[in-house]
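S.K.: Residue numbers (our numbering): 754 to 1148.
Glycine is no exception: its CB is placed at the ideal position from the N, C-alpha and C atoms.
Below: one structure in structure tokens.
Here it is as structure tokens:
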């Protein structure tokens, strides 16, 4: 490993002294033995990780104090009781540091990010911020010699020190676009946030467009005022957890005017959702996939919530609408289109979900279809059976 590089340390929150733990970024990183990939950041070996609590200059201290209306200065007593106390910078007062001031003022929110440079960006923007060396580094969990978990997770001491007085803690982790990374970030926030909540903290999460992955990139590009808006629009940990169930991260984003007709759907994919504005070729793309399914001898069923829309889709997809099956010579051999109102055994023709095993199911305007299925008076008489049939159809 090169002996030249960049070292970043900080303050030991527990002692107030310069921390002996930190991060080294070599100019010429060595390769890991397992994956043979460059190790961009080196940490002291066999030493428990800490947090990056960077040393803060006076002007940033003052800016953070102004933001929260808390004076960053303390009065020093004078020998003459009749003389007003002297005002001295806290950084010149023995034993008093910026971080001791933050610890003593739980009304100051603490922002947490990953990586020292991002913490520096947030501090420079006027926010009290620390950094973790990794998204899972805010807590520890005891394991046995085989790597099995044998104890409950707990916050690292340097992070737990901030938990007094009901302080708000705001996560500012990267806004990644990779599904696996998004999953890990969510898991880390929820797990660390849960431990902080147990210690009496109010936990929230800041979010911004994934066009700017890190908060430092966002600040550099958009400025401090934009960061202030991101901070104001932060959501609670509970909201963040709920959002995890309602938000879907796309596996593929298409930056083109139209959906490419040549786009291949993986054979392993069982549920495919398409979200795109009008006029982007969704119907044409679906028509292509229906044609391919029919060529393979696979049945196709198109579900909608309006008769007029169903007839139009039948024409564009080259299949029959439900009411046309009697007139058609091939009947429902290749599939057809129908409203969800007819997903039951008393419809004409009768619908049996067992006849559609391994079929391609198209749900056009799915949100409206689901709302119609649950609320429309035209489904009221057979709603329970329709919902049961719909569930069987998708199994």
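How many Å lie between residue 1075 and residue 1038 at the Cα?
M.R.: Approximately 23 Å, taken between the alpha carbons.
S.K.: Determine the direct distance from the alpha carbon of residue 883 to that of residue 946, and round the result to whole angstroms.
M.R.: So the two alpha carbons sit approximately 15 Å from each other.
S.K.: Helix, strand or coil for residue 795 per DSSP?
M.R.: Strand, per DSSP.
S.K.: I'd like to check one pair, residue 856 with residue 867: are the Cβ atoms closer than 8 Å?
M.R.: Not a contact, by the Cβ cut-off of 8 Å.
S.K.: Considering just the uninterrupted stretch of the beta strand (DSSP E) at residue 884, what are its terminal residues?
M.R.: Element bounds for residue 884: 882 to 885.
S.K.: Near residue 765, which residues of its chain fall below 6 Å by C-beta distance, leaving aside the five closest residues on each side in sequence?
M.R.: Cβ neighbours of residue 765 beyond the five flanking positions: 772.
S.K.: Mind checking which residues open and close the beta strand (DSSP E) that includes residue 1070?
M.R.: Element bounds for residue 1070: not the beta strand (DSSP E) but the alpha helix (DSSP H), 1060 to 1070.
S.K.: Are at least three pairs of beta-carbons, each pair with one atom in the stretch 890 to 898 and one in the stretch 988 to 996, less than 8 Å apart?
M.R.: No, they do not touch.
S.K.: Should residue 836 be labelled buried (16 or more other beta-carbon atoms within 10 Å of its own) or exposed?
M.R.: Only weak support exists for where residue 836 lies, its pLDDT of 47 falling under 50; the coordinates are left without a value.
S.K.: The beta strand (DSSP E) that contains residue 957, what's its start and end?
M.R.: Where residue 957 is concerned, the enclosing beta strand (DSSP E) stretches over 955 to 958.
S.K.: Give the straight-line distance between the Cα atoms of residue 1017 and residue 1030, rounded to the nearest whole angstrom.
M.R.: Spanning the two alpha carbons is a distance of roughly 20 Å.
S.K.: Please check the pair residue 977 and residue 878, which I expect to be a contact at CB under 8 Å, by giving their CB distance rounded to whole angstroms.
M.R.: Rounded, the Cβ-Cβ distance is 5 Å, consistent with contact.
S.K.: For my contact list, residue 758 and residue 807 are in at a C-beta cut-off of 8 Å; report their separation, rounded to the angstrom.
M.R.: 18 Å between Cβ atoms; not a contact.
S.K.: Just reading off the beta strand (DSSP E) that residue 1090 is part of, what are its end residues?
M.R.: Residues 1088 to 1092.
S.K.: Give me the Cα-Cα distance between residue 1069 and residue 1055, rounded to the nearest whole angstrom.
M.R.: Cα to Cα, residue 1069 sits roughly 12 Å from residue 1055.
S.K.: Just verifying my parser: in three-state terms, what is the DSSP assignment at residue 932?
M.R.: In this structure, residue 932 counts as helix in the three-state DSSP scheme.
S.K.: So residue 1087 and residue 1102 are supposed to be a Cβ contact under 8 Å. How far apart are they, rounded?
M.R.: Actually they are not in contact, since the Cβ atoms of residue 1087 and residue 1102 sit about 15 Å apart, beyond 8 Å.
S.K.: Quick test of the definition: if touching needs 3 or more C-beta pairs under 8 Å, does the stretch 1140 to 1147 touch the stretch 1089 to 1096?
M.R.: In short, these stretches touch, since the Cβ pair count reaches three.
S.K.: Cβ of residue 811 less than 8 Å from any chain D Cβ?
M.R.: Of the protein chains in this structure there is only one, and it is not chain D.
S.K.: Let me know the secondary structure DSSP gives residue 915 once reduced to three states.
M.R.: DSSP places residue 915 in coil when its eight states are reduced to three.
S.K.: Could you tell me whether the Cβ atoms of residue 912 and residue 804 are closer together than 8 Å?
M.R.: Taking 8 Å as the Cβ cut-off, residue 912 and residue 804 qualify as a contacting pair.
S.K.: Distance, Cα to Cα, residue 812 vs residue 823?
M.R.: Distance between the alpha carbons of residue 812 and residue 823 is about 14 Å.
S.K.: Using a 10 Å radius around the Cβ and a threshold of 16 neighbouring Cβ atoms, would you call residue 1131 buried or exposed?
M.R.: Exposed, because fewer than 16 other Cβ atoms sit within 10 Å of the Cβ of residue 1131.
S.K.: Under 8 Å: do the stretch 1107 to 1121 and the stretch 1058 to 1066 share three or more Cβ pairs, one atom per stretch?
M.R.: Touching, per the Cβ criterion.
S.K.: Whole angstroms are fine: how far does the CA of residue 819 sit from the CA of residue 842?
M.R.: For residue 842, the predicted structure reports a pLDDT of 49, less than 50, and the residue's modelled location is therefore unreliable. A value from the coordinates is still provided. Computed Cα separation, rounded: 15 Å.
S.K.: I need the straight-line Cα distance from residue 951 to residue 858, nearest angstrom please.
M.R.: Approximately 20 Å between the Cα atoms of the pair.
S.K.: What are the residues that DSSP puts in a beta bridge with residue 921?
M.R.: 955, per the DSSP bridge assignment.
S.K.: Label residue 939 either buried or exposed according to how many other C-beta atoms from any shown protein chain fall within 10 Å of its C-beta, with 16 as the threshold for buried.
M.R.: Counting Cβ neighbours within 10 Å, residue 939 comes out buried, since at least 16 surround it.
S.K.: Run through DSSP, which three-state label would residue 867 get?
M.R.: Strand, per DSSP.
S.K.: For residue 777 and residue 760, I'd like the C-alpha separation in whole angstroms.
M.R.: The straight-line gap from Cα to Cα measures roughly 4 Å.
S.K.: For the beta strand (DSSP E) that residue 761 lies in, which residues bound it at each end?
M.R.: Here the beta strand (DSSP E) through residue 761 covers 758 to 761.
S.K.: Please report the straight-line C-alpha distance between residue 956 and residue 860, rounded to a whole angstrom.
M.R.: For residue 956 and residue 860, the distance between alpha carbons rounds to 13 Å.
S.K.: How big is the Cα-Cα spacing for residue 880 and residue 774?
M.R.: Roughly 23 Å between the two C-alpha positions.
S.K.: Among 891, 924 and 876, whose alpha-carbon lies nearest the alpha-carbon of residue 801?
M.R.: Measuring from the Cα of residue 801, the nearest candidate turns out to be 891.
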